[in-house]
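Just below is one structure, and these are the notes that go with it.
If you want it as structure tokens, here you go:
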């Protein structure tokens, strides 16, 4: 797996004028990396993630995954939103099952149960989202993403709506999962501390329009 | 809860006693105000009509509300989800919406003659718009983030987005539209039966018989029958449909 971002720019056009969100981003992400993208609010870091997810199209430049240009959403690049975004009418089990159902996977029960175990959600299968705390909701969202077996996990400030204690616990769990599965993770945050605690590399973006200021290498790839 | 029930019964009993007094001692004319006791007794004298009248009215109601739900939900999904359908249909629907159901009676007679369909059509004109507008609102309100989540998790086309995100999200709206539609539709039953589509039915009996012969105790008995059936249908819908399908919604099921 290799992700390449080449001369990527994104401008939003509206009646009130145009807003340049990203300016000439060049980046390469290798298999198994835990890349953190850090920048001030409004610097376009979420835009970058949405472009990689395929939710938006670049104004200029391109994004290649294993040499193929990204043209839309795909289960190989799963984005986890800041706002948890569980389907309120589905219980925990059915939320996690959603992607598998969309892909037409027949034997879903086993896979779902595996990730329920991994995220320590056992006993909560029949709960609806309104009965869960924020941290639990995000764990369900992570389980739901992981059971798609994506090659890249994209996370958009996934813990910024949680309290400090829960965030710390989820950091540990996320690192554990990263070490266990070897997934490539791109993690967006406005918090440098968080990026230092998690990532193998940090990309710093400037205020709008987002440009890469510098890249900081933190640690080697995960211990295998 | 028990306390509430006691209140409820006490309030109604007091009201009935006062009415009885008002009717017999002060007004003294059962044409203006039939005493509650004779209204209650008329249910016994009318026992041979009631079941048949209810069944006939139910038939009209089912034709009207059934077609209103079918078309209202279908169109509501269409105009709520697709902007082109909205642009094409919304203006004409907005023009039709304020026309009172009773005003459709002449057209109904010309189109469907004096048939049950004709009565059903009048009820349809009352029930259709609440269902349509609620469904439309629900589909339009689907949060963008849920649609994006579904896309990211592999929902392939508009049809699966509608099926797996749009409709489940809009379901509480659709149900509340159906409840309103059932209420309005039932209110149209009398209007739908006064122009003689059948020789039974609550509205027919109320207007063509009881009013015609000035049997006001019977008329009032049927008025309350209308109200009671509507309440019962609403309670049944809440109990068997909403509570079953909306378990996930906080606040609907206590």
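Chains as they are written, first to last, in this note's numbering: chain A, 4 to 227; chain B, -18 to 235.
Note that beta-carbon positions come from the ideal geometry of N, C-alpha and C, so glycine has one too.
Note that this is a predicted model, so its numbers are computed, not measured.
Residue contact with chain B for residue 110 of chain A: absent (no Cβ-Cβ distance below 9 Å to any residue of chain B).
DSSP, read as helix, strand or coil, puts residue 104 of chain B in helix. Taking a cut-off of 8 Å on C-beta distances, the stretch 112 to 121 of chain A does not touch the stretch 149 to 156 of chain B, as fewer than three cross pairs fall below it.
If you look at residue 192 of chain A, you'll find it in the beta strand (DSSP E) that goes 187 to 192. Every beta strand (DSSP E) of 3 residues or more that sits fully in the stretch 42 to 95 of chain A is shown, in chain order, as 63 to 68 and 80 to 83. Closer than 9 Å to the CB of residue 49 of chain A there is not a single CB belonging to chain B. Remark: C-beta atoms of residue 82 of chain A and residue 51 of chain A do not approach each other more closely than 9 Å. The alpha-carbon separation between residue 206 of chain B and residue 143 of chain B amounts to approximately 40 Å. For the stretch 199 to 226 of chain B, there is no continuous beta strand (DSSP E) assignment of 3+ residues that stays within its boundaries. With contact defined as three or more Cβ pairs closer than 8 Å, the stretch 197 to 213 of chain B and the stretch 87 to 96 of chain B are not in contact. Going by beta carbons, residue 138 of chain A and residue 89 of chain A fall outside the 9 Å limit.
Rounded to whole angstroms, the separation of the alpha carbons of residue 36 of chain A and residue 71 of chain A is 19 Å.
Residue 150 of chain A carries a coil assignment under DSSP once its states are collapsed to helix, strand and coil.
When secondary structure is reduced to three states using DSSP, residue 31 of chain A falls in the strand class. The three-state reading of DSSP puts residue 158 of chain A in strand, counting E and B together. Taking a contact to require three or more Cβ pairs closer than 8 Å, the stretch 29 to 38 of chain B and the stretch 171 to 186 of chain B qualify as touching. Counting along the chain, the unbroken alpha helix (DSSP H) around residue 197 of chain A starts and ends at 195 to 201.
In summary, residue 134 of chain B is buried, with 16 or more beta-carbon neighbours lying within 10 Å of its beta-carbon over all protein chains present.
For the stretch 58 to 91 of chain B, not one full-length beta strand (DSSP E) segment reaches 3 residues or more. Residues of the stretch 118 to 136 of chain B with a Cβ closer than 9 Å to any Cβ of chain A, in chain order: 124, 126, 127, 129, 130, 131, 132, 133, 134, 135 and 136. At a cut-off of 9 Å between beta-carbon atoms, residue 141 of chain B makes contact with chain A. Secondary structure at residue 20 of chain A: strand, using DSSP grouped into helix, strand and coil. Neighbourhood of residue 229 of chain B in chain A, by CB distance below 8 Å: 91, 92, 93, 94, 131, 132 and 133, in chain order. Apart from the 5 residues on each side of it in sequence, residue 79 of chain A sits with its Cβ closer than 6 Å to the Cβ of 153 and 154 in its chain, given in chain order. Exposure of residue -11 of chain B is indicated by the presence of fewer than 16 other C-beta atoms within 10 angstroms of its C-beta. When DSSP states are grouped into helix, strand and coil, residue 175 of chain B belongs to the coil group. By the CB criterion at 9 Å, residue 117 of chain B and residue 57 of chain B fall inside the cutoff.
CA-CA distance, residue 12 of chain B to residue 69 of chain B, rounds to 52 Å.
Between residue 211 of chain B and residue 161 of chain B, the C-beta spacing is not below 9 Å. With a contact defined as Cβ atoms closer than 8 Å, residue 104 of chain B and residue 45 of chain B qualify at about 3 Å. Approximately 19 Å separates the beta-carbon atoms of residue 32 of chain A and residue 195 of chain A; this is outside 8 Å, ruling out the contact. If you draw a straight line from the Cα of residue 127 of chain B to the Cα of residue 184 of chain A, it is about 27 Å long.
At a cut-off of 9 Å, the C-beta of residue 61 of chain A has no neighbouring C-beta in chain B.
Counting other Cβ atoms within 10 Å of its Cβ, residue 20 of chain B reaches 16 or more and is therefore classed as buried. The C-beta of residue 149 of chain B comes closer than 9 Å to at least one C-beta of chain A.
Contacts between residue 86 of chain A and chain B, judged by CB atoms closer than 7 Å, involve 126 in chain order.
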